[in-house]
Amino acid sequence: MSAGAWADAGSQAAAETLFRQGRELMQQGRYPEACAKLSESQRLDPGAGTLLNLAACYEKNGQTASAWVTYTEAASFAARGGRADWEATARDRASQLEPTLSTLTIVVPPASDVVGLVVERSGVKVERAQWGLPIPIDPGVHPVGALAPEKQQWSTTVAVGPNAAKATVTIPPLLVEQGGEPQPVVAPADVGPRPLQTDAGVDDGDDQRTWGLVVGGVGVVGLGAGAVFGLMAKSKHDEALEHCNGPQHCTSEAVDLDDQARSRATVSTILVGVGAAAMVGGAVLYFTAPAKEAGDVAWTAAPTAGGAAFAMQGVW
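So the number in the numbering used here is just where the residue sits in the sequence shown, counting from 1, plus 1026.
Below, the structure is given as structure tokens:
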């Protein structure tokens, strides 16, 4: 047997082992781990059967967009292999999922579309052809960012809900990177007596600290609500298990309860992510606010009949 044949045999054996482990994990309800195993099995030894199982795993895990794409791929794979039954199953599941797909639209206004602009979603470049289009995406929290030469990088996160939710992110005009372009120097107009040294008008940071507390409070509420939904998800899952006599012997009521558990788990994940982001934002606002000054003092010089006079004005 040649070295290439040994390598192929080794890959197929590993793929079969991963496939079996993935199936067992699915029966245990450990969908994230199961999907990872099945995905690697498909990479090592592609097959329509593995794709069907992977799509079902994604669907059970609430990754509706990934499941829809994988079912469609499985249908094409099965058609090439002459498996009309598998093709029909895959197309039927994809058709049922399509109305439930959530979407994310990334809008790039003309003012933001600068030379060299790159838009990213979850760390992957979003091609220009996709800008402004509602693209199917798995429910959850997704980072969106933009960067361009000599511009400051911009980023945000967007929470996309399940069940055909629609989310939109608009890319703002990117700020000029510090030191990227020289700023024009404007000579001040001569307006007569003016302060020689002053602290008047300096922001004491109270407004920023207040907003920091407000945003942080919203984060705390989000985390609390996420925890509540998490407990509800666990309760539904436990209740579903009571209607099963084994991993493969569950009633329709158990399936419904499991679906409810997964929906609540998805909402919990979204709320926790948004709550954590709000708490971080609130902390940044609070701790970066300008420090309060003891007082505001201004010295002014003005002509008088005797020559010149200095005056001090202060607010305490």
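Just so it is clear, CB atoms sit at the ideal spot from N, CA and C, and this is done for glycine as well. Since this is a predicted model, take the numbers as computed values, not measurements.
Does the Cβ of residue i have 16 or more other Cβ atoms within 10 Å, making it buried, or fewer, making it exposed?
i     : result
F1376 : Residue numbering for the chain in the displayed model covers 1027 to 1342; residue 1376 lies beyond these limits and cannot be assessed.
E1153 : exposed
R1106 : exposed
D1233 : exposed
Q1179 : exposed
N1189 : exposed
E1113 : buried
F1313 : exposed
K1177 : buried
V1217 : Low confidence applies to V1217: its pLDDT is 45, below 50, so where it sits in the model is not reliable, and the reading given next is rough at best. Classification of V1217: exposed, given that the 10 Å Cβ count is below 16.
A1060 : buried
G1108 : exposed
G1252 : buried
G1088 : buried
Taking the continuous beta strand (DSSP E) assigned at residue i, which residues delimit it?
i     : result
V1184 : W1180 to V1186
T1115 : Note, T1115: premise wrong, no beta strand (DSSP E); alpha helix (DSSP H) at A1110 to L1123.
R1154 : It is not in any beta strand (DSSP E) - R1154 carries neither H nor E in the DSSP assignment.
L1130 : T1129 to V1133
V1145 : V1144 to R1147
T1126 : Counting along the chain, T1126 falls outside any beta strand (DSSP E), and DSSP gives it neither H nor E.
E1195 : Strictly speaking, residue 1195 in this sequence is Val, with Glu absent from that position. K1192 to T1196 is the span of the beta strand (DSSP E), which, as asked, contains V1195.
Taking the alpha helix (DSSP H) that residue i belongs to, which residues open and close that run?
i     : result
L1173 : It is not in any alpha helix (DSSP H) - L1173 instead sits in the beta strand (DSSP E) that spans G1166 to L1173.
V1095 : T1090 to R1106
Given the structure, does residue i come close to the ligand FAD, in the sense that its CB is under 7 Å from one of the ligand's heavy atoms?
i     : result
G1242 : Among the ligands in the structure shown, none appear at all, so the ligand FAD cannot be discussed.
Can you list, in chain order, the residues of its chain whose CB lies under 6 Å from that of residue i, leaving out five sequence neighbours each side?
i     : result
V1140 : A1174
A1101 : E1113, A1116 and R1117
Q1386 : Beyond the ends of the chain as shown, which are 1027 and 1342, falls residue 1386; an answer cannot be given.
L1201 : Q1178
Keeping to the same chain, check which residues put their C-beta closer than 8 Å to that of residue i; ignore five residues upstream and five downstream.
i     : result
A1309 : G1238 and G1242
A1213 : The predicted model places A1213 with a pLDDT of 47, which falls under 50 and marks its position as unreliable; any figure quoted below should be read in that light. Result list for A1213: empty, nothing under 8 Å.
V1145 : I1132, V1134, K1151, V1152, W1157, V1170, G1171, A1172 and I1197
F1103 : P1072, G1073, A1074 and L1077
S1181 : P1169, V1170, G1171 and A1172
P1160 : T1129, L1130, T1131 and K1192
G1231 : A1315, P1316, A1317 and K1318
P1125 : A1190
A1155 : none
T1096 : L1077, L1080, A1081 and Y1084
Taking 7 Å as the limit between beta carbons, can you name the residues of its chain near residue i, skipping five residues before and five after?
i     : result
A1259 : A1287, R1290, A1291 and S1294
G1307 : V1241
A1082 : none
V1186 : S1128, L1130, I1163, P1165, G1166, H1168 and A1193
In whole angstroms, what is the alpha-carbon distance linking residue i and residue j?
i     : j     : result
E1050 : R1056 : 9 Å
E1265 : D1285 : 12 Å
S1092 : L1080 : 9 Å
S1067 : L1311 : 47 Å
A1120 : L1297 : 28 Å
G1142 : S1261 : 50 Å
V1195 : A1315 : 28 Å
T1098 : H1263 : 29 Å
G1248 : V1254 : 10 Å
E1042 : L1257 : 36 Å
G1036 : E1203 : 52 Å
G1250 : T1183 : 20 Å
L1123 : W1094 : 6 Å
Can you list, in chain order, the stretches of the alpha helix (DSSP H) that have 4 or more residues and sit fully within the region 1053 to 1079?
1057 to 1070
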